[in-house]
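Before any comments, here is the structure.
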Amino acid sequence: MPFPFVQHWFVVGDERGNENPFLLAMHTLFLREHNRLCAGLADEHPDWTDEQLYQHARKLVGALMQAIVYEEWLPTLGMELAPYNGYNPYADPGIMNVFSAAAFRYGHTTINSVLLRMDDSGHPMPQGDILLQDAFFNPEATLEVGGIEPYLIGMSTVVEQDFDCQVIDGLRNFLFGSPGAGGLDLVALNINRGRDRGLPDYNTVRADFGLAPKGSFEEMVSDPLMSASLQMVYQDVNNIDPWVGMLAEDHMPDALFGETAMRIIEQQFLALRNGDRFYYENDPWLSLEEKAWIRSNRLADVIRRNCPITCLHDEVFIARPLAVTGAVAARQALPFSIFPNPSQGRVNLRMERELSEGALIRITDNYGREILRRKIGPNPGNGPVAIELDGSLPAGLYHAFVVAEDAVGRQSFVRVLP
Numbered sequence: 190m191p192f193p194f195v196q197h198w199f200v201v202g203d204e205r206g207n208e209n210p211f212l213l214a215m216h217t218l219f220l221r222e223h224n225r226l227c228a229g230l231a232d233e234h235p236d237w238t239d240e241q242l243y244q245h246a247r248k249l250v251g252a253l254m255q256a257i258v259y260e261e262w263l264p265t266l267g268m269e270l271a272p273y274n275g276y277n278p279y280a281d282p283g284i285m286n287v288f289s290a291a292a293f294r295y296g297h298t299t300i301n302s303v304l305l306r307m308d309d310s311g312h313p314m315p316q317g318d319i320l321l322q323d324a325f326f327n328p329e330a331t332l333e334v335g336g337i338e339p340y341l342i343g344m345s346t347v348v349e350q351d352f353d354c355q356v357i358d359g360l361r362n363f364l365f366g367s368p369g370a371g372g373l374d375l376v377a378l379n380i381n382r383g384r385d386r387g388l389p390d391y392n393t394v395r396a397d398f399g400l401a402p403k404g405s406f407e408e409m410v411s412d413p414l415m416s417a418s419l420q421m422v423y424q425d426v427n428n429i430d431p432w433v434g435m436l437a438e439d440h441m442p443d444a445l446f447g448e449t450a451m452r453i454i455e456q457q458f459l460a461l462r463n464g465d466r467f468y469y470e471n472d473p474w475l476s477l478e479e480k481a482w483i484r485s486n487r488l489a490d491v492i493r494r495n496c497p498i499t500c501l502h503d504e505v506f507i508a509r510p511l512a513v514t515g516a517v518a519a520r521q522a523l524p525f526s527i528f529p530n531p532s533q534g535r536v537n538l539r540m541e542r543e544l545s546e547g548a549l550i551r552i553t554d555n556y557g558r559e560i561l562r563r564k565i566g567p568n569p570g571n572g573p574v575a576i577e578l579d580g581s582l583p584a585g586l587y588h589a590f591v592v593a594e595d596a597v598g599r600q601s602f603v604r605v606l607p
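All the letters of the sequence shown, read from the start, carry residue numbers 190 to 607 under this note's numbering.
Have a look at this one:
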């Protein structure tokens with residue numbers, strides 16, 4: 190185990206539930222919903238056995254997940270599925286190899302390196318946020334902030350990274366441990382998984398799904414730097430690994446994905462829905478009233494029923510300012526300047542307003558990797574805060590963040606070598 194100091198784990202329905210706090214939060218949330226439904230069913234059906242209560246609550250929870258996925262989550266990805274017309278006995282609901290080994294591994298490029306932990310007023314928890322690499326198989330990260338709620342609030346506010354060929358350092362080098370001490374490279378794992386599973390090349394996958402193969406790297410991706418990088422690695426456009434090709438290809442309008450990933454994911458979710466005889470809209474064991482109730486639910490409803498959270502907006506899959514009542518609804522812009530810029534060994538941050546409670550300063554490189562984190566005390570404003578840069582940092586573009594209780598600011602600067 191990469192964290193031998195951990196002696197106790199949360200018991201959930203999947204052995205991977207403790208892999209990270211966000212995943213554990215979702216497992217725990219729907220466990221609470223299941224138990225809540227059991228209690229309501231017991232009042233409504235006092236003659237039912239424990240097994241009947243368990244199975245019907247389980248069916249309702251599964252139906253809620255289906256409604257949330259198909260009617261709330263998929264549309265936020267830019268995916269518009271054909272309306273449901275009932276069970277199709279000829280549809281194959283099995284999981285496609287290219288879906289599980291390539292297309293649906295899109296989340297590995299959209300995740301952030303820092304997991305936000307926020308209270309019900311939209312403020313950072315006193316314990317601060319946590320790096321993803323420090324949260325792997327670490328249930329203490331959930332216990333230390335009092336439960337799953339700070340993570341659910343943080344998830345609802347953070348903007349995910351783009352679906353592209355950039356993956357954070359926490360997944361490139363620190364997956365389940367430090368480099369040389371168990372740390373893995375998820376990008377290498379994904380590429381080799383596709384090869385181990387016998388996936389064809391990117392262009393063959395496109396042809397299999399009725400899409401025209403790309404004749405050149407430039408036709409596949411409009412970014413000249415990306416197309417040149419792909420050509421340097423693969424030489425021939427017909428050699429591209431499918432997962433890499435899906436990350437690199439140009440996005441469709443108003444969508445997270447390019448057309449290859451979009452086509453595969455659409456077809457998979459259509460097959461899962463249409464080929465499921467017990468999809469909730471077709472399930473004979475659910476009453477019309479239950480189906481109407483299920484259809485009306487969104488993830489925010491499930492969270493509010495099972496967590497003491499009041500600040501969520503209704504569409505939790507879309508990052509928006511928190512709906513905090515009687516408080517600052519969202520952090521406002523915090524103006525500050527940074528000098529010298531470009532800089533060699535030191536940068537100075539001058540605040541343009543008083544910070545009575547102090548602030549957190551973070552510096553990241555252009556790939557989102559955190560290279561410095563420092564707390565500062567109260568600042569009267571106009572007084573510069575000196576930050577010494579590590580002499581081993583390469584030249585390039587860096588980003589400084591100042592996070593106060595009610596505001597956040599960002600400035601970029603260039604480091605040049607002496």
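For every residue, glycine included, the Cβ atom is placed at its ideal position computed from N, Cα and C.
Please read all numbers here as calculations on a predicted model, not as lab measurements.
Proximity to residue i [Cα-Cα], best of the options
i      : options                        : result
Ala401 : Arg452, Pro413, Arg384, Gly572 : Arg452
Glu168 : Lys480, Met409, Leu253, Ala481 : This structure gives no information on residue 168, because the portion of the chain shown stretches from 190 to 607.
Asn379 : Tyr259, Lys564, Ser310, Ala291 : Ala291
Asn428 : Phe398, Arg542, Gln457, Leu388 : Leu388
Thr346 : Pro531, Ser545, Ala508         : Ala508
Pro473 : Tyr276, Glu261, Pro264         : Tyr276
Glu594 : Leu544, Glu470, Pro264         : Leu544
Asp353 : Asp412, Asn486, Pro210, Pro573 : Asp412
Gly585 : Gly572, Val574, Val605         : Val605
Gln322 : Leu213, Ser302, Arg487, Trp198 : Ser302
Pro315 : Ala324, Ala214, Gly464, Pro339 : Pro339
Asn286 : Glu349, Glu233, Val505, Asp385 : Asp385
Phe326 : Glu240, Ala214, Val394, Pro313 : Ala214
Gly283 : Gly464, Gly202, Glu407, Gly399 : Gly464
Glu504 : Gly572, Thr393, Leu263, Asp239 : Leu263
Contact check, residue i vs residue j, beta carbons under 8 Å
i      : j      : result
Val591 : Ala522 : no
Thr298 : Leu436 : yes
Phe458 : Leu270 : yes
Leu475 : Ala252 : yes
Val536 : Ile576 : yes
Arg608 : Val334 : Residue coverage of the chain in this structure runs from 190 to 607, which leaves residue 608 outside it and unanswerable.
Ala330 : Pro210 : yes
Ala256 : Ile454 : no
Asp281 : Cys500 : no
Phe199 : Asn207 : yes
Phe602 : Asn530 : yes
Gly343 : Leu304 : yes
Val607 : Gly534 : Checking the displayed sequence, the identity of residue 607 turns out to be Pro instead of Val. Taking 8 Å as the Cβ cut-off, Pro607 and Gly534 qualify as a contacting pair.
Val422 : Ser405 : no
Leu488 : Glu261 : yes
Pro278 : His197 : no
8 Å Cβ shell around residue i - same chain, five flanking residues per side excluded
i      : result
Cys227 : Leu242, Tyr243, Ala246
Glu222 : Val250, Leu253, Val491, Arg494, Asn495
Val356 : His297, Thr298, Leu375, Val376
Ile560 : Ile552, Thr553, Asp554, Asp579, Leu582, Tyr587
Asp318 : Val303, Leu304, Leu305, Arg306, Gly343
Leu212 : Arg205, Gly206
Same chain only: Cβ atoms within 7 Å of residue i, ignoring 5 sequence neighbours per side
i      : result
Arg382 : Ala290
Arg294 : Asn379, Trp432
Phe525 : Leu538, Arg539, Met540, Glu541, Val591, Gly598, Gln600
Arg462 : Tyr259, Tyr273, Tyr468
Where the alpha helix (DSSP H) through residue i begins and ends
i      : result
Thr299 : 296–299
Lys248 : 239–257
Gly434 : 431–437
Ile284 : Neither: Ile284 is in no alpha helix (DSSP H) and is coded neither H nor E.
Asp554 : Unbroken run through Asp554 is the beta strand (DSSP E), 548–554; no alpha helix (DSSP H).
Phe406 : 406–409
Val426 : Val426 -> no alpha helix (DSSP H), and no H or E assigned at all.
Chain-order list of residues whose beta-carbon lies under 6 Å from that of residue i (same chain, five-residue window excluded)
i      : result
Arg205 : none
Arg563 : Ile550
Glu349 : Thr299
Phe288 : Ile453, Gln457
Asn568 : Met540, Leu544
Phe528 : Asn537
Arg466 : Tyr276
Lys248 : none
Ser416 : Phe406, Glu407, Val410
Val517 : For Val517, the predicted structure reports a pLDDT of 36, less than 50, and the residue's modelled location is therefore unreliable. A value from the coordinates is still provided. Result list for Val517: Asp595, in chain order.
Asn224 : none
Segment limits, beta strand (DSSP E) that includes residue i
i      : result
Leu586 : 585–592
Phe602 : 596–604
Glu559 : 559–565
Met540 : 535–540
- Segments of 4+ residues assigned as alpha helix (DSSP H) that fall wholly inside the segment 315–381: As far as the segment 315–381 is concerned, its whole alpha helix (DSSP H) runs of at least 4 residues are 321–324, 329–332, 338–346, 358–361.
- Query: Which ranges does the alpha helix (DSSP H) cover as unbroken runs of at least 4 residues, wholly within the segment 460–491, from first to last along the chain?
  - Reply: Within the segment 460–491, the complete alpha helix (DSSP H) runs of at least 4 residues are 477–485.
- Where are the alpha helix (DSSP H) runs, 4 residues long or more, that stay fully inside the segment 191–236, in chain order? Counting whole runs of 4 or more residues, the segment 191–236 contains the alpha helix (DSSP H) stretches 210–233.
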